[in-house]
Each structure stands twice: as structure tokens, then as C-alpha cells.
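Structure first, then comments.
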Amino acid sequence: MAKANMSLTRNEMPVQDAKVRAHNFDEVALGYTEAQAIDEANRCLNCKNMPCVVGCPVKIHIPEFISKIKEGDFEGAYQIITKSSSLPAVCGRVCPQETQCESKCVRGIKGESVGIGRLERFVADWHNTFCQEEPVRPQSNGHRVAIVGSGPSGLTCAGDLAKRGYDVTVYEALHTAGGVLVYGIPEFRLPKKIVAKEVDTLKKLGVHIETNVVIGKTLTIDELFEMGYEAVFVGSGAGLPNFMGIPGESFKGVYSANEFLTRSNLMKSYLQNPETPIMKGGKVAVVGGGNVAMDAARTALRLGAEKVYIVYRRSMDELPARKEEVEHAEEEGIEFRLLCNPTEILGYNNPDDARDPRNGFVTGMTCVKMELGEPDERGRRRPVVIPDSEFTIDVDTVIMSIGTSPNPLIKSTTEGLEVNRWGGIVVNEDGLTSKNAVYAGGDAVTGAATVISAMGAGKTAAKAIDDFLKK
Amino acid sequence: MYKIVEKKVLNPTVIQLWIEAPLVANKAKPGQFIILRVDEDGERIPLTVAGVNKDNGTVKIIFQVVGGTTKKLSYKEEGEYIQDFVGPLGVATRLDGLKKVCIVGGGVGCAIAMPIAEALHEMGAHVTSIIGFRNKDLLILEDEFKACSDTLRVMTDDGSYGEHGNVTVPLKEMLEAGEKFDMIITIGPLIMMKFVVATAKPFGTPVTASMNPIMIDGTGMCGGCRLTLNVDGKKVTKFACVDGPDFNGYEIDFDEAMSRGRMYSDFERHAYENSCNLFKKEVQ
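First to last, the protein sequences are chains A and B.
Per my numbering, numbering through the first sequence is continuous, rising by one, with the last residue being 471.
Per my numbering, numbering through the second sequence is continuous, rising by one, with the last residue being 1284.
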């Protein structure tokens, strides 16, 4: 075995040049080469107590798969990851590893932690490129389970149950499987063919995917039981986008991040001659500081905006987005207007001509400056308005990226399903809801969170469903 | 894929399709809508359910050719398939307890009003229907309305058929004559619905208006279909896809809805012209 690599810094991830990538939708990060992967793997000390695994919501056997990389056995590494994760190529790209596995890495105490996420991505991509072997369909155990939603929690739950021999059907409301991985996360961060490949792998394991079925409308949860399913997992995701409730939010050119990203990603408005329109070009302000805000801003830039602002009411230190995404956005030329909060969106109005086609389109946004006051109950310093600090920025498009509230469709058609006062489905530690044999997880339970925490919830529920149905 | 089992051209720009979609047929109620995509990479468009046949699992839709997508859909023939068809979406029109109702439909909106009139008629309610069209050539569903209405008034803007004038003329006449409706249900162009509300207002008759804004997912995810209601002097944002499509006509900000409806009108015009050109090439 090669000697341990004691370099304090990790192997850098090769990326597309910022000036080039700001104008295309190709993936930003290009992935490690075999040599880089082995070199990075050699930085892992293979700690006996495995702190990294503790930090992983799906408990991937991290030191074990990294050891396989050291040996050059990339397929072996893949086999170890898939024991715990159904979507390695996705997680390797979108997980916030810096706050999970990598944050616990011993190498991170003095220097940089091992690039676990980058290694995971390398292994998954290597497998997808070189391994033609079909996944083996497990022996059926005769039990049927229905999954609502084909996002990260639903796909994980489906994959885990299928591997245990369950006959699983996933119902998806949209026309393509993948949920937020398809409609939300842009191509340049997570290529759609990678999601399609992961979905394909599940199909080969025997999972049925039914698109165009809205549970709560087309079929209810009670009807799923009548159809013979013995348990149901609800992973219907986040729902209604939040708006600020300030004047002017109905002007043309104001989008929710969900709508803007759905038009570009799912409906492919980023292509040359799309059938679904989207406002392109001009000046764009994205309100909010999460990963979704970064995705929307960088999408707007790639669609041809001349200027893109992120408008966020706290400072750089409080930005909830992943550091890497913020850095990428800055490199690409996105301007951060921090400590800044919108108070009104302005629209065009020609007083002499009510039929002027420009009427009702966004022309600007009025904001106030903020400063950070006392910490709130979660320890985040509360932003406070600075008096008389009002100013206006010229923009043509405003994208509101300030979170979502859970979707009401399932709750309103499922008797006995308890929700909390924010509308999130109430579950116990196994993901069981107040309704017998109905489990839930992901954003439908927690409100907007990460892909990996949704996957963790799907995994927990799969195990609980297995225990429940084996009784 | 969803099969077109029957196609009927109702007038030069309005087409009726029966589409095989058993799950939707099994559930759909008057006032609900579906979302379809004609082909891969196609746009998602909402269309209101115009009828269902539970026996053979088909759903009737009626649409006007206005943009690229509806143009493309109009080329589809019996036996062909469309890519996606999902529903029923939205909340069904509330009909409980209604005994005397006036249905006011305009243009292709009459196709949506039709199943509501039928349902009311079957419930034993007294149904007055006022249906309006620009001219005689655009008239649709007259016989169907006749069959389920106690009173039917057909209006054309140019007087080429039925009575001359728009739908608010007979509505005003009836209200002034002392007709008491439990509810006026109106479906059609926004400007027409706005004037139906204005006509009913002095008489205090409740009005339900069916909205059809721009939508993508139709399940409460994108927020594109939002509209503003004025509820007791307060502005409230609602989503037509999950809260509607029916709303209290007195509360709807119609001017804003009209403005938002024109967001992509330039794009639509191009899409329509492009698809026309493609079609011309095929014909040559």
C-alpha cells in the first residue's frame, strides 16, 4: 500500500474556469482523476473510531470505501458506499460534507479534512462510466409498499426497501422522477443524466415509478391501502413558496425561486428554443441566502443576465448556503448586497397609456440597510433596520428565495394525519406518522432542508417499515 | 402516454378531445383541471375538465388554439397519444345547497361552465345559463346548454347569432327584474368576469369566478399562479392551483390577474408563429 499522504491540504477539485462557466450550463466541478483520487485517499488515516461515519446521516462506511480507493479497487469502493446510500453520485455532489462527515475528520484538526465528498463522487462516477453490470434484483418477499414523491427521501426509501425484497411503487406528481434533484438543483451542479441514471438503477432493482399521479388528488393515501399496499412513505417535499408580503410582489418579473428554477431545470427553458418561457437577461436580484438562492442567482447569470445580485438581510457569516456555492457564485461575478432587506418592488406604469406593454413589469426594488443586533433564540444575530437608509436598485427580475411551507394536498385529503403548526407532518423517531402504517420524511416533515437529511429520513423509515411488515 | 380516443372540431379555433386517463376520470369533479404536455420537452398547460366518462375511463377537454402548445395539440388526431396528463387538480366548484344558479360563460370558458351546469341540473337546481361569443362562428355547446338549463340566453358581440350584446346585458336585465340567484358562477375571459362582478354588485348576488392563470406544476410548488384577493380590506396572496381555481368574485384583483396573464404574451406570439411555419412546411 502507498505511504500515507501527510499533506495538510487536500487535492483541489478541478473546475471549469469561472469566466467560461458563467455562460454555460455544464457542470462546474469536473471531478478527480484516478491519480488525484488515490492521492487524496492516502490522506485518510483510517481511524479506528471512525468519527466521519458519525457525521453522515446515512452512515456510509467511509474509511472502508476510502481504503478500497487506496488499493485502486474503485468498484469495491462503490459496493461499500451503495450498502448505505442509494444515490452516491448525487450525494458526492450536493451534500454539505463540510458540516457533516468532513467536519468530524481528524485531518481537519490541523489542516484540511479528507475530501470525502469528492472521493464519493469519484467512485460513483467511475462506477457509472466503467461498470456495465446490472444490479441484481432481490428475491421478492411479497409485501407491497407505496412511496409518495420521487425526491431524495422517496428514492432512498424505495431503494432500501427494494433491496430487502419489497415490491415498491413510487408515485410522482410531475412528469419526471427525481423531485428537487430534477426541478430544483440546476444542471451545472447536478447533471440531470446522473439523476436519471440513479432512477434507472432503482428500476432495475424492481422499483415501479408512476409519474403524473398526485397523491391527495389522483389517489388518496387511504386508496393506496385499498389497492393492497401495506405501508406508505410520504416524501412529498416542500410546498408553497413563501413571499415577503411587501408591495409589488405581483409585478411581472417577480418569481419564486421554485418557479424560476422549475422553468429552467425541469422545463428546460435554458435550452435554445424552449417551449416554456422564462425572463432572461437584464438585471436580476435574488432575495435570500440559502443554497436555493445561490442556484437561482447562478442560473440567472447563465441565462444571460447582465448583473445578478444576492440580497440578504444578514452578513456573510450568517449566509446559510454552502461555502463552496457562495465562493463559486462570487467567482462568477455575482454581487452580494448583504445587510440589506427589500421593502418594495417597483413596477412600470405609463400614466398616459394603460395599454403600454411595459406596464406592470418590474423596474426596481427598494431596500433598507440592516445591522446585526442581539442574538435570537437560535443564537443568530437578529438583523435590525438602520433608520433612513432606504435606497433603490434597478432590476428587471426579482427572485424570492425565502423558503417554502409544506404542501397542503396530502394533509387535506388524509384523515388522521397530524401536522404541526407550520404544516409539517408529525413523525416519531422511526418516521411513523399519527396514522397507522403511514411513514413520512424529508421536507414534508422538516420544512426546507438538505438532500442528505431527506435521504437519512427515507432510510430510517425504510428500516422501520421493514420491521413493521416483518412482524 | 395518454391516448386520444375522440376528436371533434367545435369551431375553427376550438377543439374537443376525449383522452384515456382512467385515474383522472374516476376522480374529476366539475371545476377541477388537468395539466398536460403534448410531447417530450413540451410546455405544461392547465385545462379545465369539460366532462368525464367513468365507464371507459376517458376525460373530455376543450381548448382554444391560442399559442404554440395548443396549436401543436390541435394537430393531434384520434388514436395518437400525448405525453403527459395529470389530475384532477384544484378544488371542485362548491355546489352544495345551491337551488337557483346563473351560469355566465364566455367563449371557450363555456366548455368549463358546461359540466357545472350539468351537475347543478342533475342536483335538481334551477339553472339559468348565459353564454356569450364574439360571433356565430365561435359558438359552441349550444345544444348541451339547452339540455341542462331552465333558461338559456345566447349572446354574440356582433349580433350574428342569438341576441346582440355581451353577457352582462341579460344578466343585468334579470337582476333588475328581481331574479334572485343563490349564486352566479362565471367562467371566461378575465375582463368579462370582472364586468359580471360589477353587474352583480349592486344586487349583492354572490359571484364565483373560475381563474385560469399561468401555471407550471399545478400542485402548489411553483407559485406562478398566485393572485391577490382583497379580503376585508386586506390583501391576501392565494394560489389558484391548490386554493382555487374558484374564488369569490368580489375579492379578486382582476386588473392584476390580467396584467400577470400577459407576462409572456410576446413569447406566446412567437411560439404560435413558429409552430404555424412548421405546419406550413409539413403541408408543402
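For every residue, glycine included, the Cβ atom is placed at its ideal position computed from N, Cα and C.
As the structure is a computational prediction, the values presented were derived from the model and not from experiment.
Within a 10 Å sphere around the beta-carbon of A/HIS328 sit 16 or more other beta-carbons, which makes this residue buried. Rounded to the nearest whole angstrom, the CA to CA distance from A/TYR166 to A/PRO138 is 9 Å. Between A/ASN265 and chain B, the shortest Cβ-Cβ separation is not below 8 Å. In this structure, the straight-line span from the alpha carbon of A/LYS435 to that of A/VAL234 is close to 12 Å. For B/GLU1176, there is no enclosing beta strand (DSSP E); the enclosing alpha helix (DSSP H) covers residues 1168-1176. Closer than 7 Å at the C-beta level to chain B, one finds these residues of the stretch 233-261 of chain A: GLY239, LEU240, PRO241, PHE243, SER250, LYS252, SER256, ASN258 and GLU259. Taking 4 residues as the shortest admissible run, the stretch 60-121 of chain A contains the following complete alpha helix (DSSP H) segments, listed from N- to C-terminal end: 62-70, 74-84 and 88-94. Between A/ILE310 and A/VAL254, the beta carbon gap of about 16 Å keeps them out of contact (Cβ cut-off 8 Å). Within 8 Å of the CB of B/LEU1229, no CB atom of chain A is found; the nearest one sits about 11 Å away. Of all alpha-carbon atoms in A/ILE62, A/MET6 and A/GLY92, the one lying nearest the alpha-carbon of A/LEU30 is that of A/GLY92. A/VAL214 belongs to the set of residues whose beta carbon lies under 8 Å from a beta carbon in chain B. Scanning chain B for C-beta atoms nearer than 9 Å to the C-beta of A/LYS268 yields ASP1041, reported in chain order. Nearest C-alpha to A/PHE188 among A/ASN350, A/ALA18, A/ASP376 and A/LEU319: A/ALA18.
Taking the C-beta atoms as reference points, A/ALA22 is found nearer than 8 Å to A/GLU332. Straight-line measurement puts the Cα of A/MET365 at about 37 Å from the Cα of A/MET13.
Residue environment for B/ALA1200: buried (at least 16 other C-beta atoms within 10 angstroms of its C-beta). Contact between the stretch 1188-1196 of chain B and the stretch 1250-1257 of chain B is present: three or more C-beta pairs spanning the two stretches fall below 8 Å.
What A/PRO191 touches in chain B, judged by beta-carbon distance under 9 Å, is nothing: the nearest beta carbon there is about 17 Å away.
Taking 8 Å as the threshold, the shortest C-beta distance from B/VAL1242 to chain A falls below it.
Taking C-beta atoms as the reference points, A/VAL148 and A/GLU210 fail to come closer than 8 Å.
Straight through space, the alpha carbons of A/ASN11 and A/ALA146 are spaced by roughly 43 Å. If you check the CB distance, A/ILE116 and A/GLU102 come in under 8 Å. Residue contact check for B/LEU1023 against chain A: a CB pair falls below 8 Å.
Taking a beta-carbon distance threshold of 8 Å, A/HIS175 counts as an interface residue toward chain B. Residues of the same chain with a CB within less than 7 Å of the CB of A/HIS175, apart from the 5 flanking positions on each side, are THR211 and ASN212 in chain order. For B/SER1259, the nearest CB of chain A lies under 8 Å from its own CB, placing it at the interface with that chain.
Close to chain A, meaning a Cβ-Cβ distance shorter than 8 Å, are the following residues of the stretch 1080-1101 of chain B: GLN1083, ASP1084, PHE1085, VAL1086, GLY1087, PRO1088 and LEU1089. Boundaries of the alpha helix (DSSP H) harbouring B/SER1074: 1068-1075, taken from the DSSP string. Beta-bridge partners assigned by DSSP to B/SER1210: B/ASP1246. Taking 8 Å as the cut-off, the beta carbon of A/LEU339 is found closer than this to the beta carbon of A/LYS369.
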